[in-house]
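Chains as they are written, first to last, in our numbering: chain S, 12 to 245; chain Z, 103 to 316. Idealized CB from N, CA, C, for every residue including glycine. Model, not experiment: these values are computed from the prediction. What follows is one structure encoded as structure tokens, with my remarks underneath.
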Amino acid sequence: MFSGNGPFAWFKWEALFQDWRLFAKGFLYTIELSIFALLLALVIGVIVGICATSHSKVLRGIMRVFVEFFQNTPLLVQMFILYYGLPFLGVILSVTTIGIISVGVYHGAYIAEVVRSGIGSITKGQFEAAYSQGFTYWQAMRHIILPQAMKVIMPPLTMQAVNLIKNTSLIAIISGADIIFTAKSWSSTNIYYGPAYVTAGLLYFILCFPLTRAAKKMELRAQEGMGGAREQMA
Amino acid sequence: MAEVLTRNNLLFILDGLRTTLYISALSIALSLVFGTALGVMRSLTRGIPQKIAAVYIEVVRNIPNLLWIYVVFVVFRLKSIQAGVVSFTIFTSAAIGEIVRGGLNSVNKGQWEAARSQGFTFLQILLYIVLPQAIRNILPAIVSQFVTVVKDTSLLWSVVAIQELTGKITILVGKFSRVEQFFLLYGIMTLIYFVVNFVISQISRRLQKRWAHH
């Protein structure tokens with residue numbers, strides 16, 4: 012496997028190391044895409060998530076439709092609509108912009124759900140206590156509810172970041188030069204699939220694994236915190 | 103509009119939906135088996151099976167599904183529904199394994215000790231006492247994982263040319279070139295995906311609500 016002309020033969024690895032700049036470029040592109048898409052997803056997620064807990068029925072309804080639509084249709088289809096559909100309407104966006112918008116909005120819907128249930132985990136009494144002290148809705152949200160909700164929100168939010176990074180790979184399908192696209196195009200010319208795909212996998216793992224670990228640690232800490240509180244109350 | 107919505111074209115699209123559902127159902131069934139085994143192995147306190155399951159789950163779920171589809175295609179060298187099912191089973195098993203592990207952890211450890219003191223074996227405790235309780239907690243999460251599977255099958259056309267729903271629609275789009283035809287076909291595709299996944303996620307939500315009250 013690793014010797015002679017096997018799929019992981021040494022000379023194939025040497026060829027890959029020689030072209031390391033290509034892979035580094037793909038790696039950086041994936042990071043860039045992930046950061047911008049995550050920023051967009053956070054903005055959408057926080058706004059939509061907070062609005063979903065508001066008193067207005069209309070606002071809640073609109074938010075529900077938004078979340079359900081984006082969570083229940085494939086990201087690739089959403090991406091294709093921007094990529095193939097918008098030019099019909101005379102709008103031509105770069106592949107990178109399409110990647111950031113589609114991945115950002117898609118995960119924004121998921122983050123909205125995370126934010127909504129995080130806020131929902133804080134008891135109503137806290138709002139009432141804040142109102143009685145003269146806080147407005149937004150002041151209560153900003154100074155009392157959100158800081159507490161963060162503990163509940165952070166673990167699933169971090170997992171959303173992992174899913175977002177993984178999902179940026181769909182841009183390879185519309186020829187965005189990310190990690191997977193680089194591995195695929197590099198190995199399609201020389202058929203050195205082994206090293207190319209292992210390297211691609213490793214690069215994603217380096218990005219995602221620390222986040223997965225951090226999410227698990229935060230979740231354990233949040234559970235311990237709540238368990239402790241429950242014991243105190245009992 | 104009329105030339106797009108012919109009987110043949112609609113049957114063509116339905117055929118794609120059938121392939122989408124077939125691949126999803128088969129992958130889900132296989133992943134439930136492998137995922138449960140992985141989750142049980144992963145929740146052991148020590149030993150080689152625990153390590154194998156831990157490494158498998160962590161490696162698979164920290165790498166994009168798209169890469170696994172490419173890997174399976176390169177290893178098996180065939181563009182087929184079987185290859186699609188294999189790749190989906192690889193990553194869905196890891197996801198379900200992680201959910202099952204969480205569910206097993208949620209069952210009080212004291213139950214193991216109590217059952218063991220009554221002479222139950224490991225498998226008996228797992229099958230009759232712990233898993234039935236864990237399933238309550240994890241079924242909503244497992245059902246919503248089905249949504250992910252159905253959505254991700256849309257990758258199969260672009261990567262391995264399997265003619266599932268996205269594939270069939272893309273083929274039809276190639277035959278019609280006008281704006282409204284494009285948006286009609288994409289609208290139909292989006293609507294079909296939405297209906298299928300919305301039904302699944304509503305089931306998940308109902309389960310969650312029903313069991314939260316007990």
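Asked                                                                                                                                                                                      : Found
Within its chain, find whatever has a CB closer than 7 Å to the CB of R71/S; leave out the 5 residues flanking it on each side and keep chain order.                                       : A63, S65
How about Y204/S: is its C-beta nearer than 8 Å to some C-beta of chain Z?                                                                                                                 : yes
Could you tell me which whole alpha helix (DSSP H) segments of length 4 or greater appear in the stretch 59 to 145 of chain S?                                                             : 68 to 82, 86 to 91, 106 to 131, 135 to 143
With respect to the alpha helix (DSSP H) encompassing L160/Z, which residues constitute its N-terminal and C-terminal limits?                                                              : It is worth fixing the name first, because residue 160/Z is Glu in this sequence and not Leu. Looking at the DSSP string, the run of the alpha helix (DSSP H) that includes E160/Z is 150 to 163.
So the candidates are I125/Z, F222/Z, N239/Z; which of them puts its Cα closest to the Cα of I183/Z?                                                                                       : I125/Z
What are the start and end residues of the alpha helix (DSSP H) that includes S182/Z?                                                                                                      : S182/Z -> no alpha helix (DSSP H), and no H or E assigned at all.
Quick one: which residues of the stretch 267 to 293 of chain Z get their C-beta closer than 7 Å to a C-beta of chain S? List them in chain order.                                          : T268, V281, F284, F285, Y288, M291, T292
Is Y124/Z close to chain S, meaning its C-beta is less than 8 Å from at least one C-beta of that chain?                                                                                    : no
Using beta-carbon positions only, say whether S303/Z and N83/S come within less than 8 Å of one another.                                                                                   : yes
If you measure beta-carbon to beta-carbon, which residues of the stretch 189 to 208 of chain Z are closer than 7 Å to chain S?                                                             : none
With a CB to CB cut of under 7 Å and the five nearest residues on each side skipped, what residues in its chain are close to I182/S?                                                       : L44, V106, G110, D189
In the DSSP assignment, find the unbroken alpha helix (DSSP H) run with D117/Z in it and report its ends.                                                                                  : 109 to 144
Hey, is the stretch 216 to 225 of chain S in contact with the stretch 150 to 166 of chain Z, meaning 3+ C-beta pairs nearer than 8 Å?                                                      : yes
Does DSSP put T147/Z in a helix, a strand or coil?                                                                                                                                         : coil
Kindly indicate if chain Z contains any beta-carbon less than 8 Å away from that of N16/S.                                                                                                 : no
Considering only residues of the same chain and omitting the five flanking positions on each side of A26/S, which have a CB-CB separation below 7 Å?                                       : N201, Y203
For the alpha helix (DSSP H) containing D358/Z, list its first residue and its last residue.                                                                                               : Given a span of 103 to 316 for chain Z in the structure shown, any question on residue 358/Z remains unanswerable.
Spell out a yes or no on whether the stretch 195 to 210 of chain Z and the stretch 121 to 137 of chain Z are touching, meaning 3 or more CB-CB pairs, one atom from each, closer than 8 Å. : yes
Alpha carbon to alpha carbon, how far is M165/S from I227/Z?                                                                                                                               : 34 Å
Starting from A216/Z, follow the alpha helix (DSSP H) in both directions and report where the run begins and ends.                                                                         : 212 to 219
May I have the straight-line CA-CA distance separating Q235/Z from L206/Z, to the nearest angstrom?                                                                                        : 8 Å
Quick one: measure Cβ to Cβ for T108/Z and L267/Z, integer angstroms, because I've assumed they're closer than 8 Å.                                                                        : About 18 Å; that fails the 8 Å criterion.
Residues of chain S with a CB under 9 Å from the CB of E105/Z: which are they?                                                                                                             : Simply none; closest approach about 18 Å.
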